[in-house]
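Shown next, in structure tokens, is the structure this report addresses.
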Amino acid sequence: MIIVMKPNAKSTEISRILEEVENLGLKYHLSKGKEKTIIGLLAKRSTLSPEHFEVFSGVEEVVRVSKPYKLTCREFHPEKSIIRIDGVNFGEQSIVVMAGPCAVESQEQILESAFIVKEAGAKILRGGAFKPRTSPYSFQGLKEQGLEFLAEAKAQTGLLIVTELISPEHVHLVSQVADILQIGTRNMHNYALLEAVGNCKKPVLLKRGMMATLEEFLMAAEYILSQGNSKVILCERGIRTFEKYTRNTLDIAAVPLLNQLTHLPICVDPSHGTGKRELILPVSRAAVAAGTDSLIVEVHPNPETALSDGGQSLDAKEFTQFMCDLKPIAKAMNRSMG
Ligand code: PEP
Ligand code: MN
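Per the working numbering, residue 17 is the first one in the sequence shown, and the count goes up by one each step.
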């Protein structure tokens with residue numbers, strides 16, 4: 017249930033309601049927008065009727081929210097959330113680009129990648145140190161050493177770092193290097209991991225499970241928010257369908273839908289979303305036109321030798337061109353790149 021205050025509601029009227037909410041033993045979420053203040057109640061269904069609060073002065077209306085994801089839904093927080101990380105803002109006018117190799121392979125490889133993506137205008141370096149691979153025999157990442165290489169790339173370029181973690185025990189370790197903790201598609205349903213990142217302060221890039229509905233995706237975000245961490249970026253990275261020409265089917269409609277359903281910033285991953293290098297630009301154009309707040313793209317100095325996902329990675333020249341080619345689309349949407 018949400019209590020929408022009148023635009024001119026006094027702070028004493030708001031406090032009076034919060035006091036009543038606390039007396040009832042309920043939790044709440046306060047959203048002070050430019051025009052209106054909204055108090056979201058985390059009450060179990062139908063334990064309270066809207067009339068209870070309608071009589072309080074300063075209240076404009078009381079509305080039941082039937083969605084199961086309360087903190088994540090737009091009704092609780094009508095304005096878009098902006099996630100600010102050291103001067104890089106997700107959810108504002110400019111579209112944030114995160115780029116880099118699928119996996120950190122060596123110090124040289126990640127440094128070269130970092131300089132390439134920085135030069136082309138990306139603000140954040142991606143690269144997996146812990147790789148959740150489908151086969152136990154595939155390259156599993158350089159783990160702790162990979163994190164050290166990422167830290168060095170950050171020190172040399174000033175780029176922020178996004179990197180995946182696959183286990184709750186690694187939250188502390190990965191947080192020492194990462195500016196954004198990535199939860200991959202395979203772990204979207206890993207509730208222990210969701211709670212663990214919810215208990216820390218770091219922003220989280222939450223990827224959509226490859227078999228997850230949007231409601232399940234938003235419920236996964238709710239796990240993180242319910243622990244007190246509201247800095248979550250939702251990443252559409254493609255879902256499984258019967259189509260075989262692409263690695264996954266990128267659900268472009270998820271972008272405007274998520275923008276309606278939630279206040280959280282949105283990201284699109286055209287690399288995993290298609291599995292094909294030549295589709296990265298056209299799909300990213302669509303993502304920007306559909307209203308994404310950010311993109312995460314795989315870039316490798318030499319994709320042919322990549323230990324993972326080379327076929328869906330751009331090289332230096334292609335990525336530089338990619339950043340230029342997206343500018344007119346961003347401009348047409350009243351946005352800018354980077
Ligand atoms: C990745 O970003 O390299 C990755 C493994 O992504 P996903 O979890 O979307 O497959
Ligand atoms: Mn990858």
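All residues carry an ideal CB built from backbone N, CA and C; glycine is no exception.
Residue i (DSSP reduced to helix, strand or coil)
i	result
F155	coil
V112	strand
K48	strand
N105	strand
G362	What the structure shows of the chain is the stretch from 17 to 354, and residue 362 is not part of that stretch, so it cannot be assessed.
G95	The question names Gly, but residue 95 is Glu in the sequence shown. Note: E95 maps to coil in three-state DSSP.
R351	coil
T321	helix
V299	helix
Residues near residue i in its chain [Cβ-Cβ closer than 6 Å; skip 5 each side]
i	result
F233	R224
E91	I18 and V81
L57	M17, L42 and Y44
D285	C251, R253 and I312
S352	S110 and A346
L163	A145 and V193
For residue i, the nearest candidate out of the options (CA to CA)
i	options	result
S246	L87, H68 and G174	L87
A169	S154, K22, T321 and K139	K139
L176	A236, R142, P272 and T53	R142
L230	T201, F146 and L127	T201
A332	A136, A194, L58 and S27	A136
L266	Q243, V299, Q276 and E238	V299
E259	T290, Q243 and L241	T290
T321	H288, T308, V120 and P344	V120
P319	V313, I312 and Q328	Q328
K52	T28, L40 and K22	K22
I268	L311, Y239, L241 and I240	L311
G326	H288, L241, V304 and E36	H288
E95	A348, A302, N275 and H316	N275
S129	L330, N215, C340 and F338	L330
Rounded straight-line distance, which links the Cα of residue j to that of residue i
i	j	result
P84	L280	16 Å
Q109	V78	32 Å
K147	N105	27 Å
T150	L181	15 Å
V112	H68	44 Å
L158	Y239	29 Å
L221	D195	10 Å
C89	L277	6 Å
I126	M114	14 Å
I249	A228	16 Å
Fill in: Nearest-residue set for the ligand MN, Cβ under 5 Å from any heavy atom
C118 and D325
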